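Read the structure below first, then the notes.
There are 2 protein chains.
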Amino acid sequence: MEKTDIRINESDLRQFTEQVFLAIGCSVAHAKLAADVLVAADLRGIDSHGTARLSGYVRLWQKGRLNPSPQIRIVHETPTTATVDGDRGLGLVVAPYAMEIAISKAKTYGSGWVAVRNSNHFGIAGYHALLAVEKDMIGYAMTNASPLVTPTFSKERMLGTNPMCYAFPAGDYPPVIVDMATSAAANGKLEIAQRSGSPIPEGWVQTKDGIPSVNSHELKSGGSLLPLGGDRTHGSHKGFGLSATVDILSAVLSGANYGPWAPPFVAYLDPHPQPVGEGLGHFLGALRADGFRPIADFKAHMDNWIRRFKQAEPIDQQQPVIIPGEPELAASIERKMKGIPVVKSVLDDLSKLADDLGLSPLSTD
Amino acid sequence: MEKTDIRINESDLRQFTEQVFLAIGCSVAHAKLAADVLVAADLRGIDSHGTARLSGYVRLWQKGRLNPSPQIRIVHETPTTATVDGDRGLGLVVAPYAMEIAISKAKTYGSGWVAVRNSNHFGIAGYHALLAVEKDMIGYAMTNASPLVTPTFSKERMLGTNPMCYAFPAGDYPPVIVDMATSAAANGKLEIAQRSGSPIPEGWVQTKDGIPSVNSHELKSGGSLLPLGGDRTHGSHKGFGLSATVDILSAVLSGANYGPWAPPFVAYLDPHPQPVGEGLGHFLGALRADGFRPIADFKAHMDNWIRRFKQAEPIDQQQPVIIPGEPELAASIERKMKGIPVVKSVLDDLSKLADDLGLSPLSTD
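Chains as they are written, first to last, in my numbering: chain A, 1 to 365; chain B, 1001 to 1365.
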């Protein structure tokens, strides 16, 4: 979280976001759902994936690349698998729809797996995975994304930051949520460094010629993000392998565009002229915990797992081990009380958006 | 692969390994299967997981920690999920049994997911995942392991190198196999550095006090392996999250021991006196590719994915992008022809094993 003077009330931000989605032609239900996904990102402290992206979705709609009233449908299925066509809809709406199918299949058969094609950016993976957790299921969510990441040994942008999320219900403790970009650093971290003017650590990006760089603006000169691991010695082939896994499950399996064909999120870049599939792809899954052992046993052992890991001996007594999902939950509690900090550039962007669409401006009282 | 003077014929190594498993009381079928898993590791160049570990399994048996004639059985299931109790058997045998259940469920319902408890080290994850690929399914295989890895911010060994494997069938190309430890470096890499006497890169290990180290012997002084990413700045919380995912799916879900309770592979260390589950855990999955789109389409696009990634512009023209699984396949082809290189210390170990068990020595002609 960055320093900012302005905090916006959650409900004001939600209402404004809903109005924007309504203005581009979404149904009330879709506008509410899409706003919920974006505001969840803001609440959870994943600022790069919240309302900071709202104008990006609108610009995709302006370019005719986003269908505000999609006919989302199943195009292929077995008892526990399905492929969903998102009809160029908002990923924010298509992904929860797909997850509900996965959950419904899991209720009957123990598990459900849905690949999605012809979609757009789906926001934070964690939102979708948590839909399964609410039903005492293990949730999986992943998506491919605009190509910005190079495979190990390459200087060509071939993959997105391709996040993978695994979410596990617990008992007394909150769920464990592993939600991570498979690149060494997410794009949002570069943006933070850009605003503060500081160099970035080695191992995050390389130049267009494949030389390691600490310039936070490197991507604007044709540079690229590096896979988790950074270089071959530190396991970048593993980050590449994980990113490839996300790309194949999300797009090769569903019939979406994969690798360098994945359509860019930014509207000023055109999609590939010869696509290999339709839109962007996601992969959602739900696995019933009680398909393996009684749910009370599972939750008791999840609690024991969390308790024990929280007690793992720290290097520095002031910095205990962080359970995946804890920082996002803490941010959420704080921001529900104190409001969501929004940086000036995003406020200006939202203001302009209100003007363009003829909406009342965001309340900043 | 290290320099060595001695190469052993695949069939000689296989026959010797089978004899060892027969000598400790395995059935013919189990001995053949266990040998196949170990020799597959040697063929694929994953030397740390092949017959180099054979004496380790025998020592577990000598300690009474390994049941050579297990009654492997399903203890809980739904149409697409199951928990298998390995009855303290060889993971080399229990994991393929569990994968066959996953495959059988996937044939009927589209997917199958099996958590395993009360097992032991299962060799290379890739072997088990490939059983699904042979049936045109996507294979998943993971396992927890002896605690050697610290979570981010901790100096306590809490996790194993916890590998995860995803394997995808292709058409004209060989399968894509992502098979990786979730630590920055696998233990085998430290062993190579130990033999050559060279320091290891920063970001692989830390001292018992949590200080970064380049000493390949650090683990013997209470040090630990680091999660993929190495440190927080380079994403070690992601490596920790992946390792946690493997631990939870393999052990919390199945009723095996998790985290610091996972039983050590080395027989000279005793298992935890107050276990939280039974033995080690695995998690296997099979997902029918034709559960999402016609298999011919999937394979054609997998081939296109592989072809395009192989063509990704390299930084150095001499070093093209490596598709996950390619180096292991190349090693396998070479070693089937020229024999499997075995280092002297392993040969000595196998020789001693033959003596102990009253077997004919390994043929090294």
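Heads up, the beta-carbon is just placed ideally off N, CA and C, and yes, glycines get one too. If you're wondering where the values come from, they're calculated on a predicted model, not measured in any experiment.
Whether residue i touches residue j by CB criterion (8 Å)
i: A/Leu90; j: A/Asn118; result: no
i: B/Ala1262; j: B/Gly1160; result: yes
i: B/Ala1366; j: B/Gly1123; result: Given a span of 1001 to 1365 for chain B in the structure shown, any question on residue 1366 of chain B remains unanswerable.
i: A/Val39; j: A/Gly56; result: no
i: A/Ser183; j: A/Gly255; result: no
i: A/Val94; j: A/Leu33; result: no
i: A/Val28; j: A/Leu54; result: no
i: A/Ala331; j: A/Arg44; result: yes
i: A/Val84; j: A/Ile101; result: yes
i: B/Ile1333; j: B/Val1176; result: no
i: A/Pro273; j: B/Ser1154; result: no
i: A/Phe283; j: A/Met99; result: no
i: A/Arg59; j: A/Pro70; result: no
Separation of residue j from residue i, as counted between CA atoms
i: A/Pro320; j: A/Ser216; result: 30 Å
i: A/Pro199; j: A/Thr152; result: 23 Å
i: A/Met1; j: B/Gln1311; result: In this predicted model, A/Met1 has a pLDDT of only 45, less than 50, meaning its place in the structure is not dependable enough to derive any value.
i: B/Ser1363; j: B/Ile1340; result: 12 Å
i: A/Thr81; j: A/Tyr109; result: 11 Å
i: A/Trp204; j: A/Met158; result: 16 Å
i: B/Pro1079; j: A/Ser250; result: 25 Å
i: B/Glu1326; j: B/Tyr1166; result: 14 Å
i: B/Ala1145; j: B/Phe1265; result: 8 Å
i: B/Lys1344; j: B/Pro1271; result: 30 Å
i: A/Thr245; j: B/Phe1168; result: 9 Å
i: B/Ser1213; j: B/Gly1241; result: 23 Å
i: A/Ile6; j: A/Ser351; result: 14 Å
i: B/Asp1136; j: B/Arg1288; result: 7 Å
i: A/Asp12; j: A/Lys336; result: 12 Å
i: B/Val1386; j: A/Leu148; result: Residue coverage of chain B in this structure runs from 1001 to 1365, which leaves residue 1386 of chain B outside it and unanswerable.
i: B/Met1302; j: B/Pro1174; result: 10 Å
i: B/Ser1023; j: B/Thr1233; result: The residue you asked about is not Ser; residue 1023 of chain B is Ala in the sequence shown. Between B/Ala1023 and B/Thr1233, the C-alpha separation is close to 50 Å.
i: B/Tyr1127; j: A/Ala181; result: 27 Å
i: B/Ile1211; j: B/Gly1223; result: 9 Å
i: A/His76; j: B/Pro1294; result: 9 Å
i: A/Gly139; j: A/Gly277; result: 26 Å
i: A/Gly25; j: A/Ala52; result: 20 Å
i: A/Val37; j: B/Phe1292; result: 26 Å
i: A/Glu10; j: A/Glu18; result: 12 Å
i: A/Glu328; j: A/Asp47; result: 11 Å
i: A/Asn257; j: A/Asp247; result: 9 Å
i: A/Gly281; j: B/Ala1354; result: 54 Å
i: B/Leu1190; j: B/Leu1219; result: 9 Å
i: A/Gln15; j: A/Ala186; result: 28 Å
i: B/Leu1269; j: B/Asp1209; result: 21 Å
Where residue i falls, given that 16 or more other Cβ within 10 Å makes a residue buried
i: B/Gly1358; result: exposed
i: B/Ile1008; result: buried
i: A/Pro361; result: exposed
i: B/Ile1323; result: buried
i: B/Met1164; result: buried
i: A/Glu134; result: exposed
i: B/Gln1206; result: buried
i: B/Pro1227; result: buried
i: B/Lys1338; result: exposed
i: A/Arg195; result: exposed
i: B/Gly1197; result: exposed
i: B/Tyr1097; result: buried
i: B/Lys1299; result: buried
Closer than 7 Å: residue i CB and nearest the ligand GTP heavy atom
i: A/His237; result: You won't find the ligand GTP in this model; it holds no ligand whatsoever.
Nearest-angstrom beta carbon gap, residue j and residue i [assumed within contact, 8 Å]
i: B/Ser1236; j: B/Gly1230; result: 6 Å
i: A/Ala132; j: A/Ala267; result: Their Cβ separation, rounded to whole angstroms, is 32 Å, which puts A/Ala132 and A/Ala267 out of contact at 8 Å.
i: A/Gly259; j: B/Phe1309; result: 7 Å
Identify each residue in the segment 1147-1164 of chain B for which the Cβ-Cβ distance to at least one residue of chain A is less than 8 Å, and report them in chain order. Hits within the stretch, in order: Thr1150, Pro1151, Thr1152, Phe1153, Ser1154, Lys1155, Glu1156, Met1158.
Taking a cut of 8 Å between CB atoms, which residues from the segment 1237-1267 of chain B lie near chain A? Within the segment 1237-1267 of chain B, the qualifying residues are His1237, Lys1238, Gly1239, Phe1240, Gly1241, Leu1242, Ala1244, Thr1245, Asp1247, Ile1248, Leu1249, Val1252, Leu1253, Ser1254, Gly1255, Tyr1258, Gly1259, Pro1260.
What residues in the segment 65-85 of chain A bring their beta carbon closer than 7 Å to a beta carbon of chain B? For the segment 65-85 of chain A, residues whose beta-carbon sits nearer than 7 Å to a beta-carbon of chain B comprise His76, Thr78, Pro79, Thr80, Thr81, Thr83.
Given a limit of 8 Å on CB to CB distance, which residues of the segment 311-324 of chain A reach chain B? Interface annotation for the segment 311-324 of chain A against chain B: Ala312, Glu313, Pro314, Ile315, Asp316, Gln319, Pro320, Val321, Ile322, Pro324, criterion Cβ-Cβ distance under 8 Å.
Given a limit of 7 Å on CB to CB distance, which residues of the segment 1210-1236 of chain B reach chain A? The segment 1210-1236 of chain B vs chain A, Cβ under 7 Å: Gly1210, Leu1228, Gly1229, Gly1230, Thr1233, His1234, Gly1235.
Which residues, taken in chain order from the segment 1188-1205 of chain B, show a beta carbon closer than 7 Å to some beta carbon of chain A? Residues Pro1201, Gly1203.
Counting only Cβ-Cβ distances shorter than 7 Å, please list the residues of the segment 1093-1121 of chain B near chain A, keeping chain order. Of all residues in the segment 1093-1121 of chain B, those with a C-beta nearer than 7 Å to a C-beta of chain A are Tyr1109, Gly1110, Ser1111, Trp1113, Ala1115, reading in chain order.
Return the residues of the segment 290-305 of chain A that lie within a Cβ-Cβ distance of less than 9 Å from chain B, sorted by chain order. Within the segment 290-305 of chain A, those residues whose Cβ lies closer than 9 Å to any Cβ of chain B are, in chain order, Asp290, Gly291, Phe292, Arg293, Pro294, Asp297, Phe298, His301, Met302, Asn304, Trp305.
Chain A contacts made by the segment 1328-1340 of chain B, where a contact means CB separation under 9 Å: Hits within the stretch: zero.
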